[in-house]
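Quick note, the sequences are listed as chains A, B, C and D, same order.
If you use the working numbering, the first sequence corresponds to residues 322 to 478, in order.
If you use the working numbering, the second sequence corresponds to residues 322 to 478, in order.
If you use the working numbering, the third sequence corresponds to residues 4 to 406, in order.
If you use the working numbering, the fourth sequence corresponds to residues 4 to 406, in order.
Just so it is clear, CB atoms sit at the ideal spot from N, CA and C, and this is done for glycine as well.
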Amino acid sequence: QSFGRTPSASEIAGWDIDVRPDGAGLPAGGGTVAQGRAVYDENCAACHGPEGRDGIRDRLAGGQGTLASGQPIKTVGSYWPYATTLFDYIRRAMPYQAPASLSADETYAVSAYILYLNGILPAEGGLDRASLPRVRMPNRDGFLPEREFTAGWTAAR
Amino acid sequence: QSFGRTPSASEIAGWDIDVRPDGAGLPAGGGTVAQGRAVYDENCAACHGPEGRDGIRDRLAGGQGTLASGQPIKTVGSYWPYATTLFDYIRRAMPYQAPASLSADETYAVSAYILYLNGILPAEGGLDRASLPRVRMPNRDGFLPEREFTAGWTAAR
Amino acid sequence: RRRLLAASATAGLTTSPAGADTLANVPAREPGAPLSARSERSRFVELGRVPEAAPGIRPVDPVDAINSKTPFDRLVGSITPTDLHYERSHAGVPDLDPAKHRLLVHGLAARSLVLTMDDIRAMPSVSRVAFLECTGNGWENWKAADPTLTVQNTHGLVSTHEWTGVPLRFVIDLVGGVPSATWMLAEGADGAAVARSIPLTEEIMAEGILAYAQNGEPLRPAHGFPLRLFLPGLEGNLSIKWLRRLKFGDQPFMTRWETARYTQLQADGRARQFQLRQEVNSVITAPSGMMRVRPGPVRISGLAWSGHGRIVQVEVSTDGGASWQAARLTAPALPKAQVRFEMDWVWAGAPTGIVSRATDEMRNVQPDRAAFIARTGTNALFHYSAQQTWRISAEGDVRNALS
Amino acid sequence: RRRLLAASATAGLTTSPAGADTLANVPAREPGAPLSARSERSRFVELGRVPEAAPGIRPVDPVDAINSKTPFDRLVGSITPTDLHYERSHAGVPDLDPAKHRLLVHGLAARSLVLTMDDIRAMPSVSRVAFLECTGNGWENWKAADPTLTVQNTHGLVSTHEWTGVPLRFVIDLVGGVPSATWMLAEGADGAAVARSIPLTEEIMAEGILAYAQNGEPLRPAHGFPLRLFLPGLEGNLSIKWLRRLKFGDQPFMTRWETARYTQLQADGRARQFQLRQEVNSVITAPSGMMRVRPGPVRISGLAWSGHGRIVQVEVSTDGGASWQAARLTAPALPKAQVRFEMDWVWAGAPTGIVSRATDEMRNVQPDRAAFIARTGTNALFHYSAQQTWRISAEGDVRNALS
Ligand code: HEC
Ligand code: HEC
Ligand SMILES: [Ca+2]
Ligand SMILES: [Ca+2]
Ligand SMILES: [Ca+2]
Ligand SMILES: [Ca+2]
Ligand SMILES: [Ca+2]
Ligand SMILES: [Ca+2]
Ligand SMILES: [Co+2]
Ligand SMILES: [Co+2]
């Protein structure tokens, strides 16, 4: 019994939006912190606040050094282990009301801006397919994968 | 742990409406076929037809001799094994839109009339607590109780 | 309303085969509706029972309906959606206030008792997944096979739920035991005060439940709210809804429902009485009546159940009963519960008949129609449990047939 | 809205204790409503979830809600009513047309495949009763115990249904097997395209289901219509709703939901990641938060479940954890499914705490709060499974407490 059909490569490409820590899945293109500030102010600030703080939705900046405190503040800067996750998440889910509406360049740029807001990139910095996976996130080593479910993978690292 | 309360005898009496083949449960009172015709015409004919036939609801008379045919007609007269069931059912369920609205006398009377329509009582007949259980229904011996569920009871008869 | 359904559309969905021919045409993702207090069905899913007045009389004015049948052509799995459990009522659906509802327990018992719903819900409870089946299920096919019938029409008077309530045994102990009683009258609070005499067999004493919940929630009014009797494996009419009275005695009370109704006329004009068990049964729900199949792979899916206990085997014939193959159960079979079976088949395009037959743990095997009718005649009206044949024409039209 | 409920009113009913003081006052029987296509709930039964935005933020504007919690204070039995299964969505509830929905299967596999819903419903199916639990269940009680919380608030993010769908294994075989893959990305068609990396353990390969039905009917939109992943015993977020893509790989993809969310911060500031199993858990649902008990007999009732398998024992303490007694299970426990337990208790009127603890077939015992917090700290936010204590005051008020 046969089910379904084989998709074309271009069909798959249209849906294959995930980005891995090693950069697999990142599109061509790039953007700067400065470009990202404009994208952010236009598309994101209304929910996430002027500088990634004090918005009506999730805080995106700050919180470094709070994770072991009684009031941990988990943000992209303080908590996220991989910068690739930021690109992946924005591309699939943000802006909330219009997911997947940003171009690749805009996504690189706004990702760069959020990293800048967290002190991870300098004001004159930027991101592209090559540099993004190389960004070292402050909390990169903050995670303890559970043996039961990750034994093979952690051994391979 | 204790649950519930003990009902008074009069409370039980108000709810204890079932009538057994031996007549247990029949109330005082009585009624004639003639009285029953009036009760019937007023309360029942609209649904069951003028003489227990050709109504919009169940046929109440006729059908004797049809049970072994390809088109069995099951009525009080042709099928029901006990006259007590007729009293019990009318008391609990009829007239459809106002169950339990007939008096005991009216229920005896209309039961008598339905038996008359089936040729089981004569025109000048009637029913009361004593006579009703003694009515011999034509199909009294037409039932084969299933052993698995009635072994003790059929043995006791 | 009836619709032509492709054999694979077993889940209540009307999917147009075209849909989206490339992934690029799949609608774009977007934010959805807010979260809610209750999850409603998709607007793309249409599920409803069919009310009917008597065999062959349907669709019908709801006030004339006495049954409302479960849409097995559009269900999957083994549990029946709560609002689609089949319905059989004798005087409509009463609107009972649980605060005012009372259960009277009396008769041949050490003492009488009046219980409130608070009392009953404070007693120990049991839960059990089991089928309930109207004694009349299958009554369309006694004499002839209307070829326009769906499986909802032929077999829609059985359903499976998780039932929760108090063991009958517990309530009997509460009134001090009933050593001299052999029968129990159960009576409803509906307009007809439907009443049945229940033999106090060991099985009934052990398995009977005074149920107040179905699939985790209070009974719905159509199914007996706030309280019903539930007797697993036995004819549905015994499981008195809107239960308000239990009376113990030493003989049957011979109500209308165990004399005039729910007795089975044999060919000789005599009637089987207190034939209370629902026999081993099964039916193919897809492909089934009024569906259409295309030559090629066809997934056969159906339900099997038995009032004797667990289903241990279901076989399927795709050549009208000449040869049989074991089907696969899609979940562990529970005692006295419906279980789904499936089988792969490739339809070559020639006219044929597809049939299922179930076997239960007591080794009862569902009879073919000829054997069943030879035993019962065609006048019984209730307790039809012969094998169901669906005929498939050269065009792939699936139709109800006697064999 | 919250209501004071008597301990016995566990079935969603508001019964005034007065009601009818003699049987003569019970309303007269009368014909009821016509039979219908669907059985609605009684007007005397009010059941609804509580949408909430974050721990302690509720009731909430529905557009801000991220969770909607199951009303366990008003349910009985073990199965959750379909429309009351808890809900957790990250971008609202999409309104998907099944005819246009597609599943793309690709990545480290012999071949790629696009499947329609007709394809998927034509595959072999399995059905299984199992719980689904949001990783955030219990998140109210990490640091403090708001005494106004009900069991719906503390534990309303878990539910049990019969799930039906295609074995994950079958789909993997369809793409020719995935011998070199160790992880699978599952992605939803919702606005957020929620995506999780799923380790291809033996357990997941054996038990994973691509589910299209719940409790016998098509999934409802809030629960993933027309298709979701279902991974019994593992954190709910893995069971991706509105499933549209499966991609095989040899490492985790590190999506936001397995890094920024659903990772558990320890006291030292590091976080447990891929802590995917839902641990052994239980809670007393009656009497529970905001109910009131009277001195005398009290029926204790609750639910237990474990992602490791079957529940084998539930114990209840009525002295705040000092001594324990075995409770009775009201139905056979199924693996990775909720099961109800009950215990009789006589409350003498002195203040105390009632607590339950469950043990599963792997001999995991639900820890008390002190031991649990000693191990996890109070920052983990997800995977809270400590024993739940309900404090009872001298007045009989039942309140949420840390221990
Ligand atoms: C209309 C409101 C809205 C807008 C506009 C919006 N977001 Fe968001 N954002 C949200 C919500 C709501 C969440 C949390 C979703 C969840 O928890 O699943 C979120 C989460 C995030 C997160 C993850 C935060 C975390 O710690 O997990 C990031 C990063 C983010 N948004 C970036 C952006 C960017 C970049 C833009 C603009 C391009 C944007 N958002 C525009 C509402 C918005
Ligand atoms: C408004 C309609 C209506 C009226 C008026 C009515 N009935 Fe009926 N009757 C019915 C219906 C409907 C049934 C079948 C109920 C069922 O099958 O459960 C029935 C059934 C019966 C039966 C049982 C028939 C059988 O063979 O099982 C008897 C006897 C009966 N009615 C007697 C009466 C009497 C006596 C009255 C008047 C005092 C009466 N009915 C008034 C509608 C009515
Ligand atoms: Ca990719
Ligand atoms: Ca733009
Ligand atoms: Ca009596
Ligand atoms: Ca009158
Ligand atoms: Ca739209
Ligand atoms: Ca009324
Ligand atoms: Co019936
Ligand atoms: Co969750």
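Proximity test, Cβ basis, 7 Å: residue i and chain C
i, result
"Y410 of chain B", "yes"
"F47 of chain D", "yes"
"P54 of chain D", "yes"
"P459 of chain B", "no"
"D379 of chain B", "no"
"T266 of chain D", "no"
"T406 of chain B", "yes"
Short CB-CB distance (under 7 Å) between residue i and chain A
i, result
"M365 of chain D", "no"
"L232 of chain D", "no"
"T25 of chain C", "yes"
"P34 of chain C", "yes"
"P20 of chain C", "The predicted model places P20 of chain C with a pLDDT of 48, which falls under 50 and marks its position as unreliable; any figure quoted below should be read in that light. No - not a single Cβ of chain A is within 7 Å of the one on P20 of chain C."
"R273 of chain D", "yes"
"V117 of chain D", "yes"
CB contact check: residue i to chain D, cutoff 7 Å
i, result
"P127 of chain C", "yes"
"E136 of chain C", "no"
"G473 of chain A", "yes"
"G346 of chain B", "no"
"E332 of chain B", "yes"
Any non-hydrogen atom of ligand 1 closer than 6 Å to residue i Cβ
i, result
"C368 of chain A", "yes"
"M415 of chain A", "yes"
"A263 of chain D", "yes"
"H109 of chain C", "no"
Minimum Cβ-Cβ distance from residue i to chain B less than 7 Å
i, result
"P30 of chain D", "no"
"A433 of chain C", "In the structure as shown, chain C begins at 4 and stops at 406. Residue 433 of chain C is therefore absent and cannot be evaluated."
Simplified DSSP state of residue i, which is helix, strand or coil
i, result
"A366 of chain B", "helix"
"S130 of chain C", "strand"
"T167 of chain C", "strand"
"T25 of chain C", "coil"
"R330 of chain A", "Arg is not the amino acid found at residue 330 of chain A; the sequence shown has Ala there. Note: A330 of chain A maps to helix in three-state DSSP."
"E55 of chain D", "strand"
"Y215 of chain D", "strand"
"V397 of chain B", "coil"
"P221 of chain D", "strand"
"G411 of chain D", "Lying outside 4 to 406, the shown extent of chain D, residue 411 of chain D is not represented and no answer is given."
"E136 of chain C", "strand"
"P466 of chain B", "strand"
"S432 of chain B", "helix"
Any non-hydrogen atom of ligand 2 closer than 6 Å to residue i Cβ
i, result
"C365 of chain B", "yes"
"V431 of chain B", "yes"
"D379 of chain B", "yes"
Identity of the residues DSSP links to residue i by a beta bridge
i, result
"A289 of chain D", "D:S304"
"D347 of chain C", "C:R302"
"A189 of chain D", "D:R199, D:L249"
"F75 of chain C", "None; F75 of chain C has no bridge partner."
"R394 of chain D", "D:G356, D:R402"
Closer than 7 Å, Cβ to Cβ, to anything on chain D: give me those residues from the region 203–222 of chain C, in chain order. Y215, A216, N218, G219, E220, P221
Using a Cβ cut-off of 8 Å, which residues of the region 84–109 of chain D contact any Cβ in chain C, in chain order? P84, T85, D86, L87, H88, E90, S92, A94, G95, V96, P97, D98, L99, D100, P101, A102, K103, H104, R105, L107
Looking at chain C, which residues of the region 411–424 of chain A have a Cβ within less than 7 Å of any of its Cβ atoms? Y417, Q418, P420, A421
Of the residues that make up the region 341–354 of chain D, which ones have a beta carbon closer than 8 Å to any beta carbon in chain C? R343, E345, D347
Positions along the region 181–193 of chain D whose CB lies within less than 8 Å of some CB in chain A: T185, W186, L188, E190
Against chain D: residues of the region 161–175 of chain C by CB proximity under 7 Å: E165, T167
Mind listing which residues of the region 363–389 of chain A have their C-beta closer than 7 Å to chain D's C-betas, in chain order? L388, A389
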